[in-house]
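Let me begin by presenting the structure, written as structure tokens, before commenting on it.
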Ligand SMILES: Cc1cc2nc3c(=O)[nH]c(=O)nc-3n(C[C@H](O)[C@H](O)[C@H](O)COP(=O)(O)OP(=O)(O)OC[C@H]3O[C@@H](n4cnc5c(N)ncnc54)[C@H](O)[C@@H]3O)c2cc1C
């Protein structure tokens, strides 16, 4: 196997975000993934503003924006009963171009 400066172990969100960051430096890397098949379970319904900024920096945010909607509140239910709501109409972060989380539908 060829030598590399960085070995990324795992092609989950952390590994797949590190890869384009290294590529843009450019720093040579290899990425390994234990699983041969993509998971059929969703673990990324919500894309947070910092994640969207990252995707924008690498020119791929539009793919996600076209498939989601910005959300201005989050309602939490337990046993089908409303528990509380997080109001995101006045987002706490003002230093981002994507103030609200994007919900992928
Ligand atoms: C039900 C659920 C819903 C979620 N919804 C959201 C959401 O809407 N928005 C959000 O931002 N986050 C969400 N999360 C959290 C998000 O999924 C995790 O924060 C994220 O997956 C963590 O990424 P990771 O790359 O660190 O780890 P992982 O996603 O666990 O990826 C690690 C990868 O490394 C591989 N691996 C492990 N060991 C080895 C090895 N020795 N060699 C090679 N490969 C290896 C694994 O197969 C895996 O592919 C959710 C999580 C769950 C469980």
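Residue numbers (this note's numbering): 745 to 849. Just so you know, even glycine gets a beta-carbon here, dropped at the ideal spot from N, CA and C.
| Check | Outcome |
| --- | --- |
| For residue 802 and residue 822, I'd like the C-alpha separation in whole angstroms. | 38 Å |
| Tell me, please, whether the segment 768-786 touches the segment 804-813 by the rule of three or more beta-carbon pairs shorter than 8 Å. | no |
| List the DSSP bridge partners of residue 817. | 831 |
| Which residues in the same chain have their Cβ closer than 7 Å to the Cβ of residue 828, if we skip the five residues on either side of it in sequence? | 820 |
| Taking 7 Å as the cut-off, is the CB of residue 803 close to at least one heavy atom of ligand 1? | no |
| Just to confirm before moving on: does the CB-CB distance between residue 796 and residue 790 stay below 8 Å? | no |
| How far does the alpha helix (DSSP H) with residue 798 in it reach, from first residue to last? | 793-801 |
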